[in-house]
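What follows is a short report on a single structure.
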Amino acid sequence: MDNFDLIFPEIFISLSIMFLLILGVFKKNSQNIIHNLSIFSLSITTVLIFNNHLDNNILLFNESYVIDYLSSFMKIITFLGGIFVLIISSRYLKLLKIFQIEYPILILCSILGMMVMISSNDLMVFYIGLELQSLALYVLASFNRDQLKSSEAGLKYFVLSALSSGLLLYGCSLIYGFSGSTNFNIIADTMNSNQYGLTFGIVFILVGLSFKISAVPFHMWAPDVYEGSPTSVTLFFAVVPKIAALTVFIRFLYVPFINMIEQWQPILIFLSIASMIFGAVAAIGQNNLKRLVAYSSIGHIGYALAGLSAGTNEGIQSSVVYISIYLVMNLGLFSCLFMIKRNNQYFISIDDLSGLSKNHPILSLSLLVILFSLAGIPPLAGFFAKLYIFKSVIEQSMYFLAIVGLLSTVIAAFYYLRIIKVIYFDKEKEKYDMDHSIWLRMSLALSTLLILLYFIFPSKLVEIISRINII
Amino acid sequence: MNFPILSSLILLPSIGAFFLLFSKDKDHENSTTIKYVALFTSFVNFLISIYLWYLFDQSTTSFQFIENKEWLKGFVNYKVGIDGISILFIILTTFITPLCIISVNNTVKIRLRDFLIAILVMESLMIGVFCSLDLIIFYLFFEAGLIPMFLIIGIWGGARRVYSAFKFFLYTLLGSVLMLVAIISIFWISGTTDIIQLYELGIDVKYQNLLWIAFFSSFAVKTPMWPVHTWLPDAHVEAPTAGSVLLAAILLKMAGYGFIRFSLGLFPVASEIFTPLVYVLSLIAIIYTSLVALMQEDMKKLIAYSSVAHMGFVTLGIFTITQQGIEGSIIQMISHGLVSAALFLCVGVVYDRMHSRLIKTYGGLVSVMPKYSILFMLFTLAALGLPGTSGFIGEFLILMGTFKDNFLVAVIASLGVIFGAAYMLSLYKRVFFGKLINKDLLKMPDLNNSEKFILWSLAIPVLFFGFYPEPLINTIEISVKNLIEMYNFNLNMSSVQNNG
Chain B
4 MDNFDLIFPE
14 IFISLSIMFL
24 LILGVFKKNS
34 QNIIHNLSIF
44 SLSITTVLIF
54 NNHLDNNILL
64 FNESYVIDYL
74 SSFMKIITFL
84 GGIFVLIISS
94 RYLKLLKIFQ
104 IEYPILILCS
114 ILGMMVMISS
124 NDLMVFYIGL
134 ELQSLALYVL
144 ASFNRDQLKS
154 SEAGLKYFVL
164 SALSSGLLLY
174 GCSLIYGFSG
184 STNFNIIADT
194 MNSNQYGLTF
204 GIVFILVGLS
214 FKISAVPFHM
224 WAPDVYEGSP
234 TSVTLFFAVV
244 PKIAALTVFI
254 RFLYVPFINM
264 IEQWQPILIF
274 LSIASMIFGA
284 VAAIGQNNLK
294 RLVAYSSIGH
304 IGYALAGLSA
314 GTNEGIQSSV
324 VYISIYLVMN
334 LGLFSCLFMI
344 KRNNQYFISI
354 DDLSGLSKNH
364 PILSLSLLVI
374 LFSLAGIPPL
384 AGFFAKLYIF
394 KSVIEQSMYF
404 LAIVGLLSTV
414 IAAFYYLRII
424 KVIYFDKEKE
434 KYDMDHSIWL
444 RMSLALSTLL
454 ILLYFIFPSK
464 LVEIISRINI
474 I
Chain L
35 MNFPILSSLI
45 LLPSIGAFFL
55 LFSKDKDHEN
65 STTIKYVALF
75 TSFVNFLISI
85 YLWYLFDQST
95 TSFQFIENKE
105 WLKGFVNYKV
115 GIDGISILFI
125 ILTTFITPLC
135 IISVNNTVKI
145 RLRDFLIAIL
155 VMESLMIGVF
165 CSLDLIIFYL
175 FFEAGLIPMF
185 LIIGIWGGAR
195 RVYSAFKFFL
205 YTLLGSVLML
215 VAIISIFWIS
225 GTTDIIQLYE
235 LGIDVKYQNL
245 LWIAFFSSFA
255 VKTPMWPVHT
265 WLPDAHVEAP
275 TAGSVLLAAI
285 LLKMAGYGFI
295 RFSLGLFPVA
305 SEIFTPLVYV
315 LSLIAIIYTS
325 LVALMQEDMK
335 KLIAYSSVAH
345 MGFVTLGIFT
355 ITQQGIEGSI
365 IQMISHGLVS
375 AALFLCVGVV
385 YDRMHSRLIK
395 TYGGLVSVMP
405 KYSILFMLFT
415 LAALGLPGTS
425 GFIGEFLILM
435 GTFKDNFLVA
445 VIASLGVIFG
455 AAYMLSLYKR
465 VFFGKLINKD
475 LLKMPDLNNS
485 EKFILWSLAI
495 PVLFFGFYPE
505 PLINTIEISV
515 KNLIEMYNFN
525 LNMSSVQNNG
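In order, the protein sequence lines correspond to chains B and L. Okay, so the first sequence: first residue is 4 according to our numbering, each after it adds one. Okay, so the second sequence: first residue is 35 according to our numbering, each after it adds one.
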């Protein structure tokens with residue numbers, strides 16, 4: 004029964020999904036209740052994670068499921084991301100007339116899938132989690148079903164994602180064929196790094212995973228899907244699935260295949276450099292904020308991968324620091340996007356922000372802080388995230404990667420500056436609505452303050468994350 | 035000394051800015067209050083920095099008022115402290131900022147509150163640059179200064195402000211990211227980014243060249259040295275007067291300070307190797323930009339190019355690595371800080387009245403604005419280095435140091451002094467003498483009280499330090515001596531290592 008204690012958060016969230024589904028079916032007009040209840044159950048699950056000893060390192064179910072510090076931490080930030088997405092999106096959904104019971108339930112489903120992914124220690128378990136997550140995300144992408152673009156986004160995401168899942172599954176079968184097991188620990192024990200079949204397997208799985216985190220050259224879906232999906236779903240896409248996929252990246256590369264680092268390190272470096280440069284250059288021409296966020300998220304994933312490619316514990320930790328700070332920055336950015344509305348209509352082009360600072364000084368100041376932080380200018384949180392990445396990269400003498408990364412921050416700074424220019428230097432437009440919900444204001448204030456004041460206690464987050472030990 | 039005087043110097047302007055954030059700047063009455071709050075904050079900061087100078091012990095070579103707190107665990111400590119070199123720059127910063135705030139009276143018409151917040155935050159960051167004793171902390175302040183300056187140029191600037199703001203930001207950021215790589219590499223090589231410890235440990239000779247280049251790329255852009263100086267004229271021309279003043283008087287000095295503190299202090303072997311490069315670039319800057327300045331039609335642009343030439347003298351002096359050269363460079367930086375600030379303010383005075391910076395708009399001003407003409411003359415002479423002004427002391431010491439090191443370089447650099455006289459005097463002649471053709475000029479009032487106050491408070495130190503530079507030299511002498519001794523010691527150590 005010990006096992007069930009440890010996976011009680013997963014059980015709780017599955018039960019609440021079923022309960023909410025039944026409630027939604029039998030009770031008419033229960034959208035509000037279900038929305039709030041799902042926020043509540045996510046919060047409860049967050050607390051339940053703390054019920055276990057965080058420093059545990061326990062393998063469950065034939066060593067196919069692992070509960071350790073990494074999984075607990077990643078689950079917690081996944082939940083926080085989910086909670087914030089739900090909190091700030093209810094108003095948006097209502098205005099778009101797609102405030103339905105399925106929305107929070109699908110988000111809970113995908114979070115359950117992510118939990119399984121994060122804790123997986125076996126290729127099969129990992130695949131099940133991935134599919135559960137992805138299926139929910141396909142539906143979420145096309146949630147605004149009356150809109151052509153949204154349906155297109157869902158379909159596009161489904162087709163391409165199914166293709167990548169196929170590749171991933173093929174990689175799994177190759178690895179199973181050459182090592183005789185799907186379990187990470189057993190693969191690690193029996194592995195013989197001279198087998199090319201294993202290398203091929205790793206490549207296929209990396210391709211599949213890169214697709215999920217939209218690393219270049221497997222990023223093609225991201226801009227269209229980000230643009231087409233409802234904005235609240237875009238926010239969800241931009242961060243939460245990436246946390247889970249990054250955890251799988253860490254576990255997959257560092258548990259069974261740490262000895263094959265020579266084989267996978269160049270791939271990771273290539274993915275990282277390509278993503279950083281492409282993300283920076285391609286975003287310059289964008290005028291739609293959601294597409295721009297898509298390209299910028301491609302760039303940011305490049306930095307997180309740079310940390311992973313270092314092959315050390317510090318590298319992993321720096322990636323986790325990066326993704327956590329990135330989560331906060333995106334929450335802030337999207338909170339701002341939800342505030343740009345007039346007469347119940349949302350605006351998402353850069354020109355709509357023109358002269359925002361005249362009429363909405365506080366909102367523009369927050370945007371200023373968030374955008375400079377995304378660009379990585381000190382003393383904001385984004386700078387520290389990059390600092391740790393480059394520290395761990397340079398410690399491994401990978402100067403080329405560090406210099407390319409820093410030069411692409413300069414290119415990326417250009418498009419962030421362009422938004423700031425529009426906000427601060429251009430002529431003002433009509434006022435936007437001011438009737439934002441208290442939750443939206445709070446999430447904006449919270450994320451801005453976290454980013455702005457991060458430099459006062461910069462080692463707190465790092466201390467928490469430095470307990471992650473994979474190698 | 036338990037009271038964290040340096041941290042309070044850094045924090046105080048930001049606290050003032052924080053209070054301003056909560057004020058409303060709609061009606062006119064409020065705007066005076068806002069201005070007084072900002073002025074009060076920066077003036078108190080000035081008094082503290084003077085008190086700091088009073089407390090400062092001129093007889094010791096070690097860093098003083100050190101504060102050391104754990105910040106990023108196992109990586110970076112928040113460490114600040116000053117020596118004779120940095121204290122002068124801190125006082126320059128706290129002295130120039132209140133003058134900038136007084137000058138906004140006439141120049142800034144929109145969003146006064148935001149402008150003052152930006153200026154105060156800028157002051158905090160600049161003081162931070164000059165007293166940080168850790169490379170990462172230094173980088174933090176150095177880079178963070180880009181944000182307020184970008185906004186100052188972009189929001190309150192002239193017609194091509196967007197282009198200039200972007201150019202300024204991207205140029206400096208590009209230079210600085212390489213420095214970040216170098217700083218992290220230093221941490222990896224030596225295990226610390228603490229400057230005092232690094233001075234003692236020294237940095238492995240085989241890495242020095244690359245690290246020097248990385249630091250150089252950042253400081254060269256900021257100084258600015260030829261050929262990466264092109265952002266400066268654009269930024270100066272488009273920035274509002276107070277922005278130009280901050281840029282010329284203090285921002286450029288960060289790079290000169292960085293050269294002394296880091297390039298010489300940390301990489302003596304590389305500095306020795308690259309001295310010819312710096313000489314050549316400085317000479318090109320002195321001669322070429324002087325000639326360019328001669329051709330300018332825009333007053334602000336002319337002064338901007340003259341800044342590049344003056345900073346060329348500074349880099350030249352620093353890399354002579356002689357007592358006179360470095361002392362001269364520091365005094366030249368202080369003097370240029372005062373003089374260029376004054377010149378930009380002077381241009382601001384006529385710009386506010388005529389809304390033109392073109393030289394040909396003016397002519398014969400001497401009969402319309404006699405008081406203004408006298409002060410402008412004084413600053414012109416100080417800029418070209420007439421004896422009796424602070425500009426002379428700096429240039430003279432630099433050239434003396436250069437003659438010791440390399441005769442030819444000194445001769446070419448001396449030519450620059452002549453060119454300097456040529457463009458400054460021709461500017462003065464074209465603006466103030468000659469026939470008064472433009473009848474609109476007759477309506478121009480002479481200096482008002484606040485302008486008089488600002489310009490006189492800049493003129494007094496220019497004259498005072500011109501006649502009596504003792505206080506400056508006394509403050510920096512021992513620190514510079516120590517720097518050179520350390521430099522030579524490290525150089526000998528490494529050559530011994532190489533031979534053995």
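The beta-carbon is built from N, C-alpha and C at its ideal position, and this holds for glycine as well. Quantities reported herein were computed from a predicted structural model and do not represent experimental measurements.
>> Nearest by alpha-carbon distance to isoleucine 321 of chain L: which of L/Met345, L/Thr309, L/Ser278 and L/Lys103 is it?
In response: L/Met345
> Whole-angstrom Cβ separation of proline 244 of chain B and leucine 174 of chain L, contact assumed at under 8 Å?
Replying inline: Contact flag wrong, Cβ pair sits at about 33 Å.
> Which first and last residues belong to the beta strand (DSSP E) in which leucine 63 of chain B is found?
Replying inline: 61–63
>> Counting C-beta neighbours from all protein chains within 10 Å, is the total for isoleucine 104 of chain B 16 or more, i.e. buried, or is it exposed?
In response: buried
>> Between the alpha carbons of serine 321 of chain B and isoleucine 294 of chain L, how many angstroms are there, rounded?
In response: 33 Å
> Does the distance from the CB of proline 233 of chain B to the CB of serine 300 of chain B come in under 9 Å?
Replying inline: no
>> Tell me which residue opens and which closes the beta strand (DSSP E) that glutamate 104 of chain L is part of.
In response: 98–106
>> Suppose the cutoff is 7 Å on Cβ atoms and the five residues either side in sequence are ignored; what does the same chain contact list for serine 369 of chain B look like?
In response: Gly335, Cys339, Leu447 and Thr451
>> For isoleucine 488 of chain L, tell me which candidate among L/Asn79, L/Ser137, L/Ala216 and L/Leu392 has the shortest Cα-Cα distance.
In response: L/Ser137
>> For isoleucine 270 of chain B, would you say it is in contact with chain L, using Cβ-to-Cβ distances shorter than 9 Å as the test?
In response: no
> How would you label serine 529 of chain L, buried or exposed, when you count the other beta carbons within 10 angstroms and need 16 or more for buried?
Replying inline: exposed
>> Counting C-beta neighbours from all protein chains within 10 Å, is the total for tyrosine 70 of chain L 16 or more, i.e. buried, or is it exposed?
In response: exposed
> Taking any Cβ of chain B, which residues in the stretch 195–228 of chain L have a Cβ under 8 Å from it, in chain order?
Replying inline: Arg195, Val196, Ala199, Phe200, Phe203, Leu204, Leu207, Leu208, Val211, Leu212, Leu214, Val215, Ile218, Ser219, Phe221 and Trp222
>> Please report the distance separating the alpha-carbon of leucine 311 of chain B from that of tyrosine 257 of chain B.
In response: 9 Å
> By a C-beta neighbour count over all protein chains shown, 10 Å radius and 16 as the cutoff for buried, is serine 182 of chain B buried or exposed?
Replying inline: buried
>> For isoleucine 432 of chain L and valine 279 of chain L, which I take to be in contact (beta-carbon distance under 8 Å), what is that distance rounded to the nearest angstrom?
In response: Between valine 279 of chain L and isoleucine 432 of chain L the Cβ distance is about 23 Å, and since that is not below 8 Å, they are no contact.
> With DSSP run on the structure shown, which of helix, strand or coil describes arginine 295 of chain L?
Replying inline: helix
> Out of L/Gly236, L/Phe97, L/Lys405 and L/Ala416, which has the shortest C-alpha to C-alpha gap to lysine 486 of chain L?
Replying inline: L/Lys405
> Would you report the Cα separation of threonine 206 of chain L and glutamate 230 of chain B, rounded to the nearest angstrom?
Replying inline: 33 Å
> For aspartate 474 of chain L, is the classification buried or exposed, using 16 other Cβ atoms within 10 angstroms of its Cβ as the cut-off for buried?
Replying inline: exposed
>> Using a Cβ distance threshold of 8 Å, determine whether the stretch 155–163 of chain L contacts the stretch 40–47 of chain L, with at least three qualifying pairs required.
In response: yes
>> Please tell me whether valine 239 of chain L and valine 303 of chain L are closer than 9 Å, where the distance is taken between their beta carbons.
In response: yes
> According to the Cβ coordinates, are proline 503 of chain L and serine 448 of chain L closer than 9 Å?
Replying inline: no
> Which chain L residues are close to tyrosine 481 of chain B, counting only those with a beta carbon under 7 Å from its beta carbon?
Replying inline: Absent from the structure is residue 481 of chain B, since the part of chain B shown begins at 4 and ends at 474.
>> For a test of the three-state rule: what should DSSP assign to valine 219 of chain B, helix, strand or coil?
In response: coil
> Taking 9 Å as the CB-CB cut-off, is asparagine 275 of chain B touching chain L?
Replying inline: The sequence given here places serine at residue 275 of chain B; asparagine does not occur at that position. Answer no: the Cβ-Cβ gap between serine 275 of chain B and chain L never drops below 9 Å.
> In chain order, which continuous runs of the alpha helix (DSSP H) of length 4 or greater are located wholly inside the stretch 271–333 of chain B?
Replying inline: 292–312
>> If I follow the unbroken beta strand (DSSP E) through asparagine 111 of chain L, where does it start and stop?
In response: 110–116
>> Three Cβ pairs or more, each shorter than 8 Å: is that satisfied between the stretch 51–62 of chain B and the stretch 141–151 of chain B?
In response: no
>> For chain L, check one thing: does any of its Cβ atoms lie closer than 9 Å to the Cβ of tyrosine 325 of chain B?
In response: no
>> Below 8 Å on the Cβ atoms is my contact criterion, and I expect serine 374 of chain L with isoleucine 337 of chain L to pass it. Report the Cβ-Cβ distance as a whole number of Å.
In response: 6 Å
> Do you know how far the Cα of glycine 116 of chain B is from the Cα of serine 19 of chain B?
Replying inline: 14 Å
> By a C-beta neighbour count over all protein chains shown, 10 Å radius and 16 as the cutoff for buried, is glutamate 361 of chain L buried or exposed?
Replying inline: buried
> When the cut-off is 9 Å and only beta carbons count, does lysine 152 of chain B lie next to chain L?
Replying inline: no
> Between the stretch 408–423 of chain B and the stretch 188–204 of chain L, are three or more C-beta pairs nearer than 8 Å?
Replying inline: yes
> Between tyrosine 402 of chain B and chain L, is there a C-beta pair that is closer than 9 Å?
Replying inline: yes
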